[in-house]
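Residue numbers (numbering that gives the first Met the number 0), protein chains in the order written: chain W, 0 to 203; chain Y, 0 to 203.
2 protein chains.
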Amino acid sequence: MQRYPSQLFERAVEEFAKLPGVGSKTAMRLVLHLLRQDRKAVETFGQSIIRLRQEVKFCNICHNISDTDTCEICRNARRDHSCICVVENIQDVMAIENTQQYRGGYHVLGGVISPMDGIGPSDLQVESLVERVKAGDITEVILALSPTMEGDTTNFYLYRKLADSEVKISVIARGVAQNDELQYTDEVTLGRSIVNRTPFNVNI
Amino acid sequence: MQRYPSQLFERAVEEFAKLPGVGSKTAMRLVLHLLRQDRKAVETFGQSIIRLRQEVKFCNICHNISDTDTCEICRNARRDHSCICVVENIQDVMAIENTQQYRGGYHVLGGVISPMDGIGPSDLQVESLVERVKAGDITEVILALSPTMEGDTTNFYLYRKLADSEVKISVIARGVAQNDELQYTDEVTLGRSIVNRTPFNVNI
């Protein structure tokens, strides 16, 4: 067992080692790095962690993270709030925002249905999605979940839940990815890309 | 450029990304992990970082890190303080302590002389070592620096500095490492291991 010359040092190493993918060697390297940094900078780092957990909120409409009760996207009057894009997590919101191809709202489910991992519909933000759609003014729900079995299961579950409302339900296109080589593309994807072919468009 | 849905989130990601070996993707993963943790646990993490930098001291004798002005090793009356083991950094103290083969004191230089990196003797804790030796009661100085050109240069510099005192100066043994295969051992090491051969001892 490694003995550390300082309890404060040891505690900091232990705390870093709790982070995913950070072993005790890496944790020690990070702590030694911090010890060499400016005192003010290290305090800012520590404070940013404490404030993160204490002050970051989850949007009361779409459940994305936010500094305010309702997030910037949900508050943005120039966005089309009649369209909801359902995603698994916060990272997916950021990924879609980065494409600059979508100007509607979001709904962060918080995961997908996965019986293997013990995640059922009640663990996800499904009810609040159904309520948003029931509340009216929603014309389209885009299901943008992972193209996996769990994602498909969740898509199907949400479809059933929303089927009696009059909202249009769509899923993001599946097909060959940009720069993919066809010969190495899996059969399902390639087959689907032929079945769901779209009219040729010079601009894309 | 990635846009984050929360400034607090963004700031935390930026802070993590300043750590060595942590890119912005990893930083985001760590921050998302913290967001899912218990509020109290995250606060403990942040506080441990702040306290680390504010409260960890450097021992006024050997310059190892410590929670007190003089470190545990230097204060330990059962250790042999007539012997000083000179090491580059704190990790080396821990590594030697872990061997449980040494019961003397240490002196943390804070690096080795490296003109390429602009590190000269004045950047290291050389003067305080000379003073400790001059102050008397020291019978042996063990040079335990890296077996590199910089380490050898520093060894030679320290030897010259301490030569006029009557202290015994030794360097840690160099030779083949445990479980090394001789055919893959470099010439210098293998040659030295033959020149510096030691009497056979059944207990080792």
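Using N, Cα and C, we set each Cβ at its ideal position, and we do this for glycine too. Just so we're clear, the structure is a prediction, and the values are computed from it rather than from any experiment.
Query, Result
"In this structure, does DSSP put Phe199(Y) in helix, strand or coil?", "coil"
"Just by C-beta distance, which residues in the stretch 62 to 83 of chain Y are closer than 8 Å to chain W?", "Asn63, Ile64, Ser65, Asp66, Cys70, Glu71 and Ile72"
"What residue ranges within the stretch 146 to 200 of chain Y form continuous alpha helix (DSSP H) runs of no fewer than 4 residues, ordered along the chain?", "148 to 161 and 186 to 194"
"Output needed for Asn154(W): all residues of its chain with C-beta closer than 8 Å, excluding positions within five of it in sequence on either side, in chain order.", "Leu142, Leu144 and Val170"
"When Cβ atoms are compared, which residues of the stretch 4 to 23 of chain Y fall closer than 7 Å to chain W?", "Pro4, Ser5, Gln6, Leu7, Phe8, Arg10, Ala11, Glu14, Leu18 and Pro19"
"Measure the Cβ-Cβ separation of Asn63(W) and Tyr3(W) and say whether it is below 9 Å.", "no"
"So with Cβ pairs under 9 Å, would you call Leu29(Y) a contact of chain W?", "yes"
"Expressed to the nearest angstrom, what Euclidean distance is found between the alpha-carbon atoms of Asp66(Y) and Gln46(Y)?", "16 Å"
"Run through chain W and tell me which residues come within less than 7 Å of Ser145(Y), C-beta to C-beta.", "Here the premise fails: no neighbours, minimum Cβ distance about 16 Å."
"Mind listing the chain Y neighbours of Glu96(W)? Cutoff is C-beta to C-beta under 7 Å, in chain order.", "Arg2"
"Between the Cα of Val187(W) and those of Gln177(W), Arg173(W) and Pro198(W), spot the shortest distance and give me the residue it belongs to.", "Arg173(W)"
"Going along the stretch 164 to 186 of chain Y in order, which residues come within less than 9 Å of chain W, judged by CB to CB distance?", "none"
"Taking the straight line between their C-alpha atoms, what separation do you get for Glu149(W) and Met148(Y)?", "57 Å"
"Quick check: is the beta carbon of Gln46(Y) nearer than 9 Å to any beta carbon in chain W?", "yes"
"Just to confirm the assignment, what range does the alpha helix (DSSP H) spanning Gly45(Y) have?", "Arg38 to Glu54"
"Quick check: is the beta carbon of Asn59(Y) nearer than 9 Å to any beta carbon in chain W?", "no"
"Which runs of the beta strand (DSSP E), 3 residues or longer, sit entirely within the stretch 45 to 120 of chain W?", "79 to 86 and 103 to 107"
"Spell out a yes or no on whether the stretch 34 to 53 of chain Y and the stretch 7 to 20 of chain W are touching, meaning 3 or more CB-CB pairs, one atom from each, closer than 8 Å.", "yes"
"Which of the three DSSP states is assigned to Leu18(W) in this structure?", "coil"
"Measure the CB-CB distance between Phe44(Y) and Glu180(W) and report whether it falls below 9 Å.", "no"
"Run down chain Y in chain order and give the residues with a C-beta less than 7 Å from the C-beta of Ala54(W).", "According to the sequence provided, residue 54(W) is Glu. The question's Ala does not apply to it. Ordered by position in chain Y, the residues that pass the 7 Å Cβ test against Glu54(W) are Leu7."
"Note down, in chain order, each residue of its chain lying with its Cβ closer than 8 Å to the Cβ of Asp136(W), except the 5 sequence neighbours on either side.", "His80 and Ser81"
"Could you tell me the distance, in whole angstroms, from the CA atom of Arg28(Y) to the CA atom of Ser121(W)?", "25 Å"
"For Val129(Y), I'd like the list of residues in its chain whose CB is within less than 6 Å of its CB, leaving aside the five on either flank, ordered along the chain.", "Lys160"
"Taking the alpha-carbon positions, what's the Arg231(Y) to Thr98(Y) distance?", "No statement about residue 231(Y) is possible, as the shown extent of chain Y runs from 0 to 203 and does not include it."
"Within 9 Å (strictly less), CB to CB, does Arg50(W) reach chain Y?", "yes"
"With a threshold of 16 other CB atoms inside 10 Å of the CB of Asp91(W), please say whether the residue is buried or exposed.", "buried"
"Relative to the alpha-carbon of Val132(Y), which residue among Tyr101(Y), Gly109(Y), Ile193(Y) and Ser164(Y) has its alpha-carbon at the smallest distance?", "Ser164(Y)"
"Would you say Ser113(Y) and Thr152(Y) are within 9 Å of each other, going by their C-beta atoms?", "yes"
"Which one or two residues does DSSP pair with Glu139(W) in a beta bridge?", "Cys82(W) and Lys167(W)"
"Specify the secondary structure class of Gln6(Y) as computed by DSSP and reduced to three states.", "helix"
"Going by C-alpha to C-alpha distance, which of Val175(W), Tyr183(W) and Ile89(W) sits closest to Val194(W)?", "Val175(W)"
"Would you report the Cα separation of Leu204(W) and Tyr101(Y), rounded to the nearest angstrom?", "Here chain W covers residues 0 to 203 and nothing more, so residue 204(W) does not appear."
"Tell me the rounded alpha-carbon separation between Val111(W) and Gly20(Y).", "31 Å"
"Please look up how many angstroms separate the CB atoms of Val166(W) and Val140(W), rounded, as I've assumed it's under 8 Å.", "5 Å"
"What is the rounded straight-line gap between the Cα of Thr197(Y) and the Cα of Leu34(Y)?", "58 Å"
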